[in-house]
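Shown next, in structure tokens, is the structure this report addresses.
Printed below as a string of structure tokens:
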């Protein structure tokens, strides 16, 4: 080996050894505050908000959610009134009543919102209500104990805390029978948006703000989609008046033909 090459190789080894020694002697750092239980520089109030408190997508999805819930409660109430009065129920009436027996808007929302929190917890390696010790690359999070309870990551605490507050409001609405009119639906929508605003007010981390928005958006969208599969479709809601269909005059050049099989099955 040439002398110059040997010297370069020796210098590289010495620099590598010095680097390893230096790292071993000093405590390593970690700049992801969302994963730490009590970050030294916890994100506080921010003067510049890059992500709106509630994105337009969140506002729209929440509006669709509360209006779909309101519509369902109104239709179910009408079907129950017909059943109690011993009136003949339509196919749509029966499906509305059955949809209430299966699932409801409040519990679906809770399932999807909590599922999203745990999804972020897994994907981002957060510590959340873990009863076992979690070992990370540069630090460890202790397991649950009776004195300190759970030692969770900052991101998990913020996201789970917001979701728990929202679900408390949604479950209270369920207990009183859901939103039955426009005023109740608007009050529910405003209450959820208020919680989102209050929780995000103390978060300057824009990544976490996005997760907060995305969780509420996802829960609202998925709930509406799930319930739509259990409720009557527009075709189910269509009611045909056979007497009117038979007797209604047609145009002078048309024959008054009625497909009774189709009319009855609609």
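Numbering (our numbering), first residue to last: 97 to 362.
Each residue gets a CB set at the ideal place from its N, CA and C atoms; glycine is no exception.
The beta carbon of residue 256 lies closer than 6 Å to those of 213 in the same chain, with the five residues before and after it left out. DSSP, reduced to helix, strand and coil, places residue 325 outside both helices and strands of the structure shown, so it counts as coil.
Comparing alpha carbon positions, the residue from 216, 249, 291 and 271 closest to residue 258 is 291.
With a beta-carbon spacing of about 15 Å, residue 210 and residue 254 fall beyond the 8 Å limit used to define contacts. Below 8 Å, enough C-beta pairs join the stretch 150 to 170 and the stretch 304 to 320 to call them touching: three or more. Check the Cα spacing between residue 150 and each of 208, 306, 298 and 176: the tightest is with 306.
7 Å or more divides the Cβ of residue 222 from the Cβ of residue 201.
Within its own chain, the residues whose Cβ lies closer than 6 Å to the Cβ of residue 166, once the five positions on either side in sequence are excluded, are 275 and 281, listed in chain order.
Judged by DSSP in its simplified three-state form, residue 215 adopts helix.
Residue 192: member of the alpha helix (DSSP H) spanning 187 to 198, first to last residue. If you compare the alpha carbons of 249, 206 and 187 with that of residue 217, the shortest gap goes to 249. Sorting 154, 265 and 294 by C-alpha distance to the C-alpha of residue 283 places 265 at the top. By the C-beta density criterion, residue 174 is exposed, having fewer than 16 other C-beta atoms within 10 angstroms. 169 is the residue among 169, 180 and 325 whose C-alpha sits nearest the C-alpha of residue 272. By the CB criterion at 7 Å, residue 299 and residue 133 fall outside the cutoff.
If you draw a straight line from the Cα of residue 310 to the Cα of residue 289, it comes to about 13 Å.
For the 7 Å CB-CB criterion, residue 206 and residue 263 form a contact.
Boundaries for residue 131: no alpha helix (DSSP H) harbours it, and the DSSP string shows neither H nor E there. Sequence-distant Cβ neighbours of residue 154 in its own chain, meaning closer than 6 Å and more than five residues away, are 309, 312 and 313.
Around the beta carbon of residue 331, a 10 Å sphere encloses fewer than 16 other beta carbons of the protein chains shown; the residue is thus reported as exposed. Boundaries cannot be given for residue 183, as no alpha helix (DSSP H) includes it and DSSP labels it neither H nor E. Using a Cβ distance threshold of 7 Å, residue 198 and residue 327 do not count as a contacting pair. Each of 301, 176, 279 and 267 was checked against the Cα of residue 203, and the nearest Cα belongs to 267. For residue 220, no alpha helix (DSSP H) segment is defined, and its DSSP state is neither H nor E. The three-state secondary structure of residue 300, taken from DSSP, is coil.
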